[in-house]
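A quick write-up on the structure given underneath.
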Amino acid sequence: SQQGEEDPQALSIQEGENATMNCSYKTSINNLQWYRQNSGRGLVHLILIRSNEREKHSGRLRVTLDTSKKSSSLLITASRAADTASYFCATGGLGGYQKVTFGIGTKLQVIP
Amino acid sequence: KAGVTQTPRYLIKTRGQQVTLSCSPISGHRSVSWYQQTPGQGLQFLFEYFSETQRNKGNFPGRFSGRQFSNSRSEMNVSTLELGDSALYLCASSLTGGDSPLHFGNGTRLTVT
Numbered sequence: 006s007q008q009g010e011e012d013p014q015a016l017s018i019q020e021g022e023n024a025t026m027n028c029s030y031k032t033s034i035n036n037l038q039w040y041r042q043n044s045g046r047g048l049v050h051l052i053l054i055r056s057n058e059r060e061k062h063s064g065r066l067r068v069t070l071d072t073s074k075k076s077s078s079l080l081i082t083a084s085r086a087a088d089t090a091s092y093f094c095a096t097g098g099l100g101g102y103q104k105v106t107f108g109i110g111t112k113l114q115v116i117p
Numbered sequence: 192k193a194g195v196t197q198t199p200r201y202l203i204k205t206r207g208q209q210v211t212l213s214c215s216p217i218s219g220h221r222s223v224s225w226y227q228q229t230p231g232q233g234l235q236f237l238f239e240y241f242s243e244t245q246r247n248k249g250n251f252p253g254r255f256s257g258r259q260f261s262n263s264r265s266e267m268n269v270s271t272l273e274l275g276d277s278a279l280y281l282c283a284s285s286l287t288g289g290d291s292p293l294h295f296g297n298g299t300r301l302t303v304t
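Line by line, the protein sequences give chains A and B. Numbering follows my numbering, in which position 75 of the first sequence is assigned residue number 80; successive positions increment by one, without gaps. Numbering follows my numbering, in which position 53 of the second sequence is assigned residue number 244; successive positions increment by one, without gaps.
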């Protein structure tokens, strides 16, 4: 079963625009991670935010975490065609080395 | 450093057969996790191994099994294949599991006919 659920499931934008993807989860977590997957390939880790952090930046990526609402958002600024991919949030539960579970993903298309 | 290597890249099997998939983690990584990815279900967690011990397990039938060797390489086995087992099987390694970011291989595409 999925822990996280991304929204929207698909997003199409023009190059240069910002893309925002949201993730909601069900149980308390230690951390939340975002990954990118290009078609038919493995996932690539983008960023990890811990449960005691509210916001984190990495290059053109900005991630927020609201543990009271059990939700996170990933913002990609000034999108490029190369950002076209599926984006997944992943959560690890409390209590040591818990398994990491993924959402269904948001499929982002950036139109040149 | 070499990335996570999964072999084979593609497999075609018949219902009822069994299959073994292999995963070589990044050097120094002791945790290896396996995921099944299908269009309808997304990524489903199969199991995680750490230092040759299964540490976490997902909700898959006993036909799905795995193991990890002393060099951290891992294999997963699926017996009595069903059509529904057709999927992309992804292996991911991390230093310790838990908070450590996962590094994925490019997967094995299994087709069951």
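Every residue gets a Cβ at the ideal spot worked out from N, C-alpha and C, and that includes glycine.
Beta-ladder partner(s) of residue i, from DSSP
i	result
Val-269 (chain B)	B:Val-210, B:Phe-255
Ile-217 (chain B)	DSSP lists no partner for Ile-217 (chain B).
Gln-4 (chain A)	Because chain A in this structure spans residues 6 to 117, residue 4 (chain A) falls outside the shown range and cannot be described.
Gln-42 (chain A)	A:Leu-48, A:Ser-91
Arg-246 (chain B)	Per DSSP, none; premise fails for Arg-246 (chain B).
Tyr-226 (chain B)	B:Phe-236, B:Leu-281
Contact set for residue i: own chain, Cβ-Cβ below 8 angstroms, skip 5 residues either direction
i	result
Gln-114 (chain A)	Ala-15, Leu-16, Ser-17, Ile-18, Thr-89
Phe-295 (chain B)	Val-195, Leu-281, Cys-282, Ala-283
Ala-103 (chain A)	Per the sequence presented here, residue 103 (chain A) reads as Gln, with Ala not at that position. Correct list, in chain order: Asn-35, Gly-97.
Asn-23 (chain A)	Leu-80, Ile-81, Thr-82, Ala-83, Ser-84
Inter-residue spacing [alpha-carbon to alpha-carbon] between residue i and residue j
i	j	result
Leu-301 (chain B)	Phe-251 (chain B)	17 angstroms
Ser-264 (chain B)	Gly-21 (chain A)	As written in the sequence, residue 264 (chain B) is Arg, which differs from the Ser given in the question. Between Arg-264 (chain B) and Gly-21 (chain A), the C-alpha separation is close to 42 angstroms.
Ser-279 (chain B)	Gly-9 (chain A)	Strictly speaking, residue 279 (chain B) in this sequence is Leu, with Ser absent from that position. Taking the straight line joining both Cα atoms gives about 20 angstroms.
Leu-212 (chain B)	Thr-25 (chain A)	36 angstroms
Phe-107 (chain A)	Gly-233 (chain B)	8 angstroms
Pro-199 (chain B)	Asn-247 (chain B)	24 angstroms
Leu-70 (chain A)	Trp-225 (chain B)	27 angstroms
Lys-74 (chain A)	Gln-209 (chain B)	44 angstroms
Gly-288 (chain B)	Asn-57 (chain A)	19 angstroms
Thr-299 (chain B)	Gln-197 (chain B)	7 angstroms
Arg-41 (chain A)	Ile-52 (chain A)	10 angstroms
Residue-chain proximity (residue i, chain A), Cβ-Cβ < 8 angstroms
i	result
Asp-276 (chain B)	no
Phe-236 (chain B)	yes
His-220 (chain B)	no
Leu-293 (chain B)	yes
Glu-243 (chain B)	no
Leu-281 (chain B)	yes
Asn-297 (chain B)	yes
Glu-239 (chain B)	yes
C-beta neighbour in chain B for residue i, strict 8 angstroms
i	result
Val-68 (chain A)	no
Asn-23 (chain A)	no
Leu-16 (chain A)	no
Leu-79 (chain A)	no
Gln-38 (chain A)	yes
Thr-82 (chain A)	no
Arg-59 (chain A)	no
Gly-108 (chain A)	yes
Gly-64 (chain A)	no
Own chain residues within Cβ distance below 7 angstroms of residue i, not counting five before or after
i	result
Arg-254 (chain B)	Val-269, Ser-270, Thr-271
Ser-6 (chain A)	Any answer about Ser-6 (chain A) is weak, because its pLDDT of 47 lies below 50 and its placement is not dependable; what the coordinates show is given next. So the list is empty, once near-sequence residues are dropped.
Ser-285 (chain B)	His-220, Ser-222, Ser-291, Pro-292, Leu-293, His-294
Leu-274 (chain B)	Arg-206, Val-303
Asp-276 (chain B)	Val-269, Leu-301, Val-303
Gln-259 (chain B)	Val-223, Tyr-240, Glu-243, Ser-265
Contacting residues, own chain, Cβ-Cβ under 6 angstroms from residue i (five flanking each side not counted)
i	result
Asn-27 (chain A)	Asp-12, Ser-78
Q. So, do the region 211-225 of chain B and the region 90-98 of chain A have three or more beta carbon pairs nearer to each other than 8 angstroms?
A. The region 211-225 of chain B is not in contact with the region 90-98 of chain A.
Q.
I'd like to know if the region 104-111 of chain A and the region 50-65 of chain A are in contact, where contact means that at least 3 CB-CB pairs between them fall below 8 angstroms.
A. Output reads no: the region 50-65 of chain A does not touch the region 104-111 of chain A.
**Q.** the region 62-76 of chain A / the region 233-248 of chain B touching (three or more Cβ pairs under 8 angstroms)
**A.** Contact fails: fewer than three Cβ-Cβ distances are below 8 angstroms.
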